[in-house]
Each structure stands twice: as C-alpha cells, then as structure tokens.
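Residue numbers (this note's numbering), protein chains in the order written: chain A, 10 to 315; chain B, 10 to 315; chain C, 10 to 315; chain D, 10 to 315.
4 protein chains.
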Amino acid sequence: MNTAFTGVIPPVVTPLTEQGELDVASFEKVINRLLTHGVDGLFILGSTSEVAFFEDDMRDHVLREAVRITAGRVPILAGVIDTETRRVMSHIRRAEHIGVDAVVATAPFYAITGPTEISNHFRALHQATELPIFAYDLPVCVHVKLPVDLLVELGREGAIAGVKDSSGDDVSFRRLVTANKAAGSPLSVLTGHEVVVDGAFMSGADGVVPGLANVDARPYVAMYKAYREGDWAAVRAEQDTAAALFEIVFAPVGVTGPAAGVGAFKTAMHLLGVIASNTMSVPTPTLTGENVKRIAAVLRRVGMLQ
Amino acid sequence: MNTAFTGVIPPVVTPLTEQGELDVASFEKVINRLLTHGVDGLFILGSTSEVAFFEDDMRDHVLREAVRITAGRVPILAGVIDTETRRVMSHIRRAEHIGVDAVVATAPFYAITGPTEISNHFRALHQATELPIFAYDLPVCVHVKLPVDLLVELGREGAIAGVKDSSGDDVSFRRLVTANKAAGSPLSVLTGHEVVVDGAFMSGADGVVPGLANVDARPYVAMYKAYREGDWAAVRAEQDTAAALFEIVFAPVGVTGPAAGVGAFKTAMHLLGVIASNTMSVPTPTLTGENVKRIAAVLRRVGMLQ
Amino acid sequence: MNTAFTGVIPPVVTPLTEQGELDVASFEKVINRLLTHGVDGLFILGSTSEVAFFEDDMRDHVLREAVRITAGRVPILAGVIDTETRRVMSHIRRAEHIGVDAVVATAPFYAITGPTEISNHFRALHQATELPIFAYDLPVCVHVKLPVDLLVELGREGAIAGVKDSSGDDVSFRRLVTANKAAGSPLSVLTGHEVVVDGAFMSGADGVVPGLANVDARPYVAMYKAYREGDWAAVRAEQDTAAALFEIVFAPVGVTGPAAGVGAFKTAMHLLGVIASNTMSVPTPTLTGENVKRIAAVLRRVGMLQ
Amino acid sequence: MNTAFTGVIPPVVTPLTEQGELDVASFEKVINRLLTHGVDGLFILGSTSEVAFFEDDMRDHVLREAVRITAGRVPILAGVIDTETRRVMSHIRRAEHIGVDAVVATAPFYAITGPTEISNHFRALHQATELPIFAYDLPVCVHVKLPVDLLVELGREGAIAGVKDSSGDDVSFRRLVTANKAAGSPLSVLTGHEVVVDGAFMSGADGVVPGLANVDARPYVAMYKAYREGDWAAVRAEQDTAAALFEIVFAPVGVTGPAAGVGAFKTAMHLLGVIASNTMSVPTPTLTGENVKRIAAVLRRVGMLQ
C-alpha cells in the first residue's frame, strides 16, 4: 500500500527573486536536478519551501509551476499548512484543483489543542478530500507531538495514508513503524531528519524527506537503494557523507530557525549555481557576508566547491 | 496619544450556528449588550473570536457585520492573525477595505523566530498600512514572548501603537508600562488577563481586553471607572466579582484550550440567553451534558442564573 | 491562623568570602539591617540564599548562624531544598535540631513527577515533622506548577501551613488566595514576586518574600503596612519605588539565572557597604567590571548611591 | 582510550524491600545476572537506580554492596547526582572512598544555568578527582541540553572522559560522535536509549547504557558484538527483540515518569523472579493490579513468561 509514497521525497526549496517573488527559472533547475538524481517524489510547500510565509496566490503559483515542471515524472505531495481545520480544507481544495497526488497537513495549531481536536481534524480533512493525507509531525513548529496510537488508529481507519515525522523523537519513530507494521502497514512512514536516516532505516522507515537533498540528493538516493538491498555498510557510508554536508546548517552565526536552516540550503544552492539568489521570505534575514563564507567553507571541505 | 484605545475593549465572541456559520442575530445581541454595558471599544477576530479557525471569507463576514452593527459607536480593532508577514499583510488589506480603526497582530509564528524576525515583521506591517497596529503578546499560542525593550523601541519609532498583553507575565507587564512611560507613552498598554486586572491597573495599564466581558462586561466597566477615580477598594471589589464568574472557565472537565475557555464563555452566554447556540468551530468539541451543568452551577453561585 | 508567617519575610542572601565560605560578619549586618527595617520573618536557605549550591555542613552553618543572630526577634523559615522526599526529610531533621519555626519545601524534582507524587511527598514530610511546612512553588527551578486544588487540599488536611508562590502565574495566585479563603484560610499565601506585590495584595496575599529586600526592605515594610490600612495609593507608590530598584536585576549583560539575579542583589549590597564581597557559589560567575558599573548606575538613578 | 568504558554498561536497578531499604539478596541476583549475560560494566546510582531518592547513607550502602558483589569483574561507574558543584564533589569523595572506576555527573540543576556554569562545573569536578568523569546528558531531568561543542572541548582538555547521552536527540548524538572522532576520540560516547541503539551504532556510538538490560541484557550484548563484527542485520534483529520487550514501559496507565519506567523494569524483574519486590521509592507509587497484569502480558507476548 502507498507504494507511490516511499523512497526519497525531498521537500523542495522555493527559490525567490530579490523582490520575494518565485524565481521560476531557478525552480526548474532545482526540480530537474532532483529528478536527475533519481528522487521518488517531491514535497512542495513544506516548511523547507517557506510555505508559512506565502500568501494563497503565491502558494498556488509555486504548486502550479511544480506540477508543470515535474510533468508527472514523480508524484507530488503538497503542503496544506494552516492553523485550523477549515483553513486547511481551503488549501486542500486549491491543491486538488491544481492537481497533486497527496497532501501533507499538520495538527491544528495556534489554539491549544488536545488529542480530540487532532483526531477530529484529520477525520474532517479526510471527509473533505479523496487525496491521500500525510500527517506532518513537526513539534518545533506545531508545538504538539502526534501520539503513535492516534496515528496508527487514523491509518487503520483510512483517514491518513502516511506520516512525515520531523519530531526528532527516534524512540517514538521506531514505535510508530512497529505499531504500523502490526496494524498491517496502513501508513507510509517517512523520516524528516536527514542526518540520521540510517537509524530510521534500521527502524524500518518507508522513506525520507531530506531538506538537504536540495543541495545534494545523491547520497539519499544511494542510501535508500542500499537499504532496499540490505547493504548496511553502504547506508552508513552515504549517511556519513550527507552528515558532513549538513554542517552547513550549523555554520551560520547569529541567526536562528529557517534563517539558518533553509537559509543555509539556499546559500549553498546559490554558491553551487543552482539558484540565482539566496533570498529568504520577509521577515527572515537572508544570509550574507561571513555566514556565506562559512557555508562555502563547508562545501569546500566536502569537495562540492573548489 | 492613542486615546481612542484605552479602557475596556472586549475581544468579542463569534456566535456560530450549529452548522458553523456566523449567527448574525446572536452577534447583534452580543455587540449591543457590550455597548449597553459601556465598553470603550471592540476587538473583533481575536483568539476569543476563534479567528484562527475561520477562512478568509468568514473573517470578512464577521468583520463586516461587526462594523455594521457597531456603526461607529466605539472604535473597532481587528485581529489580523496569521503565520508570517505577507499573510498578515493580506488580512490587513482586507480589514482596511472593510473599515476598522486599528489592527492587532502577533509575532510571526509556525517558523522558529527571533528578535530580528519580530522587529522586521512589525516594521514591514507598519509600512504596509496607515492603521494603528497593536502587538498581541500571546506566548500560549505564538510560543514566543515579546521583549519589553523591543516593544518600546517599536512604539518609539511609531511602528506599533499599543500592546495587548496576554503573556501571563505580570513582572514583564509592569516593566513594559514603566518603560513605556519613560519613553513618553507611545504605546497604549492593555492587559488580557481578566482575573488580575486590578494588579494590571496598579501597574498602570491603559486598559483591559477581557474575554469574560462577553458574559458580563459590567464589572470591568465599573473597575476601569474606579481606577480612573483612584477608588482602589472599588477596583478590588469589582475584580473579586469578575473572578468569581471566571470560574466557569475552570469548570469543564476533560477538555483543554479554547474548548474549555471560549467554550465556557459561549456556554454561559447561551445559558443566559445571549446567543442561540454554544457551537464551537471544528475541530474544537462543543461543551455538552455535565460540563454545561457545571457552568450553570457557577452562574447560579454568582447570582446570574436562577 | 499562621499569624506568625505573614507580612514581609525576605529570603536572606548568604554572603560568601572570596573562598566561598560563609562571611559571618557580613551575615550579621544583612540580618540586622533587615530586622531594623522591620521585616516580619526571615527565610533562610531559599533559592536567593544559594541553598542548592551548599553542602549539608554549609547549610547547617548558615542556619545556625541565622538562628544565633536573629535570637528569636522574628520567626525563621528554613529551606529544605532537595530532589526527593527522603533527602528533604533529612534536611528537615537537621533544621529541627538547629531550631527553626517552619520549613519550606518544593515539590520533588529531578525525576519526572505528577500530582500523586507531589501529594505523597508533602504528606510524607508532614508525618515526619511537627514543624509547619510551606510549599514552595517555583516552576523555574522545579519544572512543575503546584496546582491550586492540590495546595488547598493539603492545607485543609493540615499537611502544609502555607505557600510561597514564585510561579509567576498571577491568575493562579489569585485563584489560590480565593480558594484558600473559601476553605477557611488554612494557608498563609505569600508571593515571591517583588515587582508586583501590589497586585498580589489586591488578590489578598498574606505576605511577601522579596529577594530585593536584601538591598532595601523599607518599601516592602511600608507597602505591607499600607496594605493592612487599606491605603492603596501608598501601596502603589512604594511598589513603584521598589520596581525602579529591581532594575538592577536586568542590568547585567551576558549572564543568566542566579548569576544575574542574586548576583545583582549581592553586587548592590556590596556597593552599599552591607557585605564584604559579591562572591557567588561555584559554578556561578561573580559579576565584575562593566556589570558592576551598570548596577551602580541603577543605584545612583534611584538615589541609593552617590 | 577509555577502552574500559565501552560496550554494554547497564544502569542497575536498586531492589528495595517493602520498607524502602536496599534488598541486598535481590541486588546480588540482579548484578550477577547482568554479569552472566556478559555486560561490560555497571552504572550504579543512575536515574534508573533511583539515585535522586536516596539519602547519602543509602547511596553509600548501594555503592558498597555493588562493589562487593561485582568484585572487580567489570568496571563500576557511580552516579554522583546532585544539584550543584560542591554537592556533587561531596558525592565524588564518597564514591572515591568506596572505590569505583568512574563517576557520572549531570550539569548543575535547580538553579537556571548556562554554558559558563556548565563548563565551570565539569572543570571544577575534574580538579577535585582523579577518576574519569562521564557527563550525563539528561534534559528530561536536568532541563538543559549539553552542547556538542562544549562536550568535545571538555573532552579535548581532559576534563571529561565520556558522555552518557540520554537526551533523545539523535541528530545531536551523531554530531557528537563525529566531532569527537575529529578531535581524536577523547570521549567514550554512550547512548542511553535502549530502543534505538541500532541507530546509535550506525552513528558510531562506543556503547550503550540500557535500563532495559535489567530485564534482559542478552539482546544488548549480542547487538554490541554484532556491531563490532559489522553484522548489521543481526544488530537490527536484536534491536527489534529488545524493542518488543521495551513495550513494558508503555503498558502502565495512569502513572508517569519513573513510576512507569523504572516501575515497569522492577515489576518485570519481580514477575521473572529476579527481585523480591517491585517497591519504588517514596513518593513514587509502586505498580499494582491491572498495571502489573499489563506488564505480564507484554512479557508473555515476547516469550519471557508463560
């Protein structure tokens, strides 16, 4: 089940012009480069895509271009990130209209929430669409951890088709994979932590959603292949390669959150000539000066830059 | 300065039909009852109004009806709550178009944020509108505390006109009032904590935004009057009256967040005949059965119900 | 009830030599100065006393000297701060042996704890001593908030005699005072927040435990007197005076926790000639250089230093 | 380096009589059973040992018996858990006197702390003892995360000899292992998360400190051996076995923290006939009734109980 949603499914960075508009030419290069590397799907309008910063029209524009560029080569998962159920439903309708293969929704946020609200939410979303829904577990943004039991229950009843786990809780992740298996594997369980994918594969993950793949998808594709073949030494070696590159995220000083994380991805992509500008969405500061040099130094250290 | 935005400015509950649509007839009763009690302004589309649950069209509808019903009798502050700067700007444009007197915006949320992002955000909002902007300090939803120094700096440069403080941090609140005074009082500083308004007045608050006023605004109006007259014994007595009523919020069992808080307001208002239904927005459960009885018991205890 | 434990009961700073030993001569000056200002009791070995940094022998030494110096002029409350029940009991036995009038204990900490553990804990402490026990609500150190209902229940059954509330939650504080009153006032409810004592008095607090009194106890004694006399304008004016002085705590840069808080008290006391050194316990850095100057500037601004 | 402190080093449960005293006979069985299974070391007086609940005399008693029973067969690491530096030093002196091979200390806790306090703390401990010191990273109890850079710096200067990482942060764990390797491997890096040891081994961990080994050490010993031999399929299979058993920790309902975790270990050990009672330290409730049955059901499911 859910065979369309396994393997390497990067959350795609949204390249912006210096005025903050979508840079379509760069977006083409980003997506085509990922597909050339052999990724299995694309997650458009996730946190890495700066979805929360975009107005509805901008979201539509990004999604429409992604669909056009991808042209059915791999499935597209669309983030439908918003505060509460009805607002999320509205994004689902727009994504359906544009034509995507699945949607990715978080628990409701802003208002304090509990398990009742979370299950009400996902069930209501499911009743509103035929698209497969992935539950996005992202406590650092949503401030609630999706409980294992609740996810498997929602999977068993068909309300959700998978989980993108960016919770940073590897114990819970393994328990989710195990409970999902015991329930007949209704869920496709994906990890969002690009530095410890080897551990997630040991736990039995169905795939990975690595933001770092925007800079280099090759090790993730190789890692997933080695995983399917049981070649754990290769899994480990590829993870070490990717982890060394991931140090770009810890290189900037004096910045926090996406300014450091997505900011480092964009800056590295700019240094590598993939995108025309490393501009971030207002109000996030764009990396400049010494921080760009620090990222370039990491790229040189791992041999991606001269 | 900002004399239009002092005193008692309740965040107005949004009455819903059982289908989740705006119940206009009940909304008229809610607003007119507040105005009869003598409130100084209305805060529409705040957390108490369930703003985060409403799609853009619903928000417009609520705001338009509020403007129509209020008909200029008091100023209207409109919540423009959304994740990041450009989305908030979009709500500001809509609110401007409908015609309000001020807007209320939180710090950016969802993405991890720091002081740079927060000041970028409020400055960008200010450049995008002529309306006075209130900074809404609500860590329980936004997961960041607005720093005193930053607020006063934004006030001094004219980027914000006031603060609605629902941070629950009374030490910080007093420091904000004091620092604001030292800066020439650029800000109107309002407290959102209806149980300790007497303390906020001792600290020098300019006003109060009491959700509980939807159930009974009288003690708040009396308290503010007594405060202006230096009659502290009356301030204290009125606060005690309001605090006894606020126990409705702690009465429900097995629910959390707005299901308990706004849910209790709506249930009490329904029991008092002010609104036709205590329906909450999806995915929040509506209070029923024993929880309604528990709220009725509090209303009887304080003499508001037979 | 508990009339011995109302009014102004400062947590007493422990002056240290540069080698980190108790500076007895300075301790005499600190205590006698407090008594001269007219405080109603002394809280020895609280957080402000750096209790958590002291070995058992050092704690005994401090307590013994405090008892000797005070010589029965006011009651002494002794902090018995430790991780779990049996360790706390051991401190209680030592304090009993030295001779104190009450003990102050937090909820158990280090291990994750719940309401069952907390009530078990206080009941076990009560069975182990005849001394009145104050529950110390200090989430910033103990990482749990003592629930209002539990405190009143423990008070009603006689397990605790009072609460020292340093939770920073003024809504909960007012509810505690109200619930205590409804239960026949078994508890003496004290606030630990020196900047908003006026609000706590509006809520009906029985007293205050102000760390800042180590620098200047006069406004607190005057405030409490005015409160008893219903002179709220005087309460407010004295609070403003104390709040201006409290800015010493926010003056240091680059330090956190007790290094800034107790560090500022000690530095001010040193600048005022009350103690011989502002030395802090290992591993806390002692304030030096520019940070001392910043504190001196506040003292000059409020007229306590030339 | 630190070759004595690699492999499987379980934190040893402290069996208690129903009166809360050390049950020496059961303790012998626990330790001898672990040694029979082939563990490489023992961690006495860790969180799993209920160290924070024990008075100093009790701690000495436990440590002395552990040293006597172990009789040099494997090295002993002793927890020296207390709030601040001088109190920790006091435990180190006691442990030195009894005769252990290393000590395990957390960051200072209770007082708010920062990087300066943490490095001051570990440096001061190092100056006070010749014993190797392990830094215990346990944010769930200590409420601070030890930063990778600080740990490696302390390792490089010889202040600490290793890290026991129970932070639950697998990204940080991998970065620690990598940074340690780059620094010449001054640290022995151990994971405390028994459910995801395979991932920690993929990251290059030097060993594991599995509380669950008190119930069954066999899979951990086998896993470590397979890891050394590069047999990742075996690593994974053994981890799955252990993970199925770990479900005992999630079986109890209505309890939290050690009541559920260590409580489940003790209850399973009692059901398996290893210890005479599953009694927990005051104020932790001991598991009874339905919760015991739920743990027995897990033991039956994995084939450890008939």
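We put the beta carbon where it would ideally sit given N, CA and C, even for glycine.
Please classify Ala-188(C) as buried or exposed, where buried requires at least 16 neighbouring CB atoms within 10 angstroms.
Ala-188(C) should be labelled buried.
List the whole-angstrom C-beta distance separating Val-8(C) from Leu-160(C), where the pair is believed to meet the contact cut-off of C-beta under 8 Å.
One cannot answer for residue 8(C) here, as it falls past the ends of chain C, which runs 10 to 315.
How long is the line joining the alpha carbons of Met-10(C) and Gly-55(B), rounded to whole angstroms?
At Met-10(C), the pLDDT of 38 sits below 50, so the modelled position is not reliable; the number obtained from the coordinates is stated separately. If you take the alpha carbons of Met-10(C) and Gly-55(B), they lie about 44 Å apart.
Taking contact to mean at least 3 C-beta pairs separated by less than 8 Å, is the segment 290-309 of chain D in contact with the segment 49-64 of chain D?
Touching, yes, given that three or more Cβ pairs across the two stretches are closer than 8 Å.
For Arg-245(C), decide whether its Cβ has a neighbour in chain B, counting only Cβ atoms nearer than 9 Å.
Yes, Arg-245(C) counts as interfacial toward chain B.
Given a limit of 7 Å on CB to CB distance, which residues of the segment 155-183 of chain D reach chain A?
Answer in chain order: Gly-177, Asp-178, Asp-179, Val-180, Arg-183.
Tell me whether Val-271(D) is buried or exposed, calling it buried when 16 or more other Cβ atoms sit within 10 Å of its Cβ.
Under this definition Val-271(D) is a buried residue.
So if DSSP puts Asp-174(D) in a beta bridge, which residue, or which two residues, is it bridged to?
Answer is Asp-146(D), Thr-200(D), bridged to Asp-174(D).
Grouping DSSP H, G and I as helix and E and B as strand, with all else coil, what is Phe-52(B)?
Strand, per DSSP.
Under 8 Å Cβ to Cβ from Lys-154(A), same chain only, skipping five residues before and after it: list those, please.
Closer than 8 Å at Cβ, skipping near neighbours: Asp-146, Pro-148, Ser-176, Asp-178, Ser-181.
Counting only beta-carbon atoms, is Asp-66(C) nearer than 9 Å to chain B?
False, the Cβ-Cβ gap to chain B never drops below 9 Å.
Just verifying my parser: in three-state terms, what is the DSSP assignment at Leu-134(B)?
Reduced to three states, the DSSP call for Leu-134(B) is helix.
Let me see if you follow: with CB-CB separation under 9 Å, is Asn-129(D) close to chain C or not?
With 9 Å as the cut-off, Asn-129(D) counts as an interface residue toward chain C.
Using a Cβ-Cβ distance under 9 Å, would Asp-207(D) count as near chain A?
Yes, Asp-207(D) lies at the interface with chain A (some Cβ there is under 9 Å from its Cβ).
Helix, strand or coil: which one does DSSP assign to Gly-193(D)?
Gly-193(D) falls in the coil class under three-state DSSP.
Check the C-beta distance from Pro-19(B) over to Leu-43(B) and give it rounded, since I have them as a contact under 8 Å.
At roughly 6 Å, the Cβ-Cβ gap stays under 8 Å, so Pro-19(B) and Leu-43(B) are in contact.
So with Cβ pairs under 9 Å, would you call Tyr-119(C) a contact of chain D?
Chain D, which has a Cβ nearer than 9 Å to the Cβ of Tyr-119(C), makes this yes.
For a contact defined as C-beta to C-beta under 8 Å, what are the partners of Val-103(B) on chain A?
Note on residue identity: the sequence assigns Arg, not Val, to residue 103(B). The contacting residues do not exist; Arg-103(B) stays about 12 Å from chain A at best.
Which first and last residues belong to the beta strand (DSSP E) in which Ile-101(C) is found?
That residue, Ile-101(C), is in no beta strand (DSSP E); its alpha helix (DSSP H) goes 94-107.
Could you round the C-beta distance between Leu-140(D) and Ala-114(D) to whole angstroms and report it? I think they count as a contact, below 8 Å.
Rounded, the Cβ-Cβ distance is 10 Å, inconsistent with contact.
Answer yes or no: does any C-beta atom of chain D fall closer than 9 Å to that of Glu-93(C)?
Output row for Glu-93(C): interface = yes.
Please report the distance separating the alpha-carbon of Ala-34(C) from that of Met-211(B).
If you take the alpha carbons of Ala-34(C) and Met-211(B), they lie about 39 Å apart.
Determine, using beta carbons only, whether His-202(D) comes closer than 9 Å to chain A.
True, the Cβ-Cβ gap to chain A drops below 9 Å.
So what's Gly-29(A) in DSSP terms, helix, strand or just coil?
Note: Gly-29(A) maps to coil in three-state DSSP.
Using 9 Å as the threshold, is the C-beta distance between Ile-304(A) and Leu-296(A) below it?
Their beta carbons are under 9 Å apart, which means Ile-304(A) touches Leu-296(A) by this criterion.
Compile a chain-ordered list of the residues in the segment 242-266 of chain C whose CB is closer than 9 Å to at least one CB of chain B.
If the cut-off is 9 Å between Cβ atoms, the segment 242-266 of chain C has Ala-242, Val-244, Arg-245, Gln-248, Asp-249, Ala-252, Ala-253, Phe-255, Glu-256, Phe-259 near chain B.
Quick one: is Pro-294(D) near chain C, going by C-beta distance under 9 Å?
Closer than 9 Å: yes.
So what does DSSP say about Ile-85(C), is it helix, strand or coil?
Correct three-state label for Ile-85(C): strand.
Which residues of chain D have a Cβ atom closer than 8 Å to the Cβ of His-152(C), listed in chain order?
The contacting residues are His-152.
Write down every uninterrupted run of the alpha helix (DSSP H) in the segment 208-270 of chain C whose length is 4 residues or greater and which is fully enclosed by it, in chain order.
As far as the segment 208-270 of chain C is concerned, its whole alpha helix (DSSP H) runs of at least 4 residues are 227-238, 241-255.
Among Val-76(B), Leu-163(B), His-100(B), which one has its Cα closest to the Cα of Glu-110(B)?
According to the sequence shown, residue 110(B) is Asp rather than Glu. Checked all of Val-76(B), Leu-163(B), His-100(B); the closest Cα to Asp-110(B) is Val-76(B).
Report the residue from Ala-137(B), Asp-91(B), Ala-251(B) whose alpha carbon sits nearest the alpha carbon of Glu-203(B).
Here the closest residue by C-alpha is Ala-251(B).
What does a CB cutoff of less than 6 Å around Asp-207(C) pick up in its chain, not counting 5 residues either side in sequence?
For Asp-207(C), where only same-chain residues beyond five positions count, the Cβ hits under 6 Å are Val-244, Arg-245, Gln-248.
Which same chain residues, not among the five before or five after Pro-267(C), have their C-beta less than 6 Å away from its C-beta?
Answer for Pro-267(C): Thr-293, listed in chain order.
Kindly list the residues whose CB is nearer than 6 Å to the CB of Glu-344(D), restricted to its own chain and excluding five residues on each side of it in sequence; keep chain order.
The structure shown does not extend to residue 344(D), since chain D is modelled only from 10 through 315, so no value can be given for it.
Comparing alpha-carbon positions, which option in Asp-66(D), Glu-105(D), Val-311(D) lies nearest Glu-30(D)?
For the residues Asp-66(D), Glu-105(D), Val-311(D), the minimum Cα distance to Glu-30(D) belongs to Asp-66(D).
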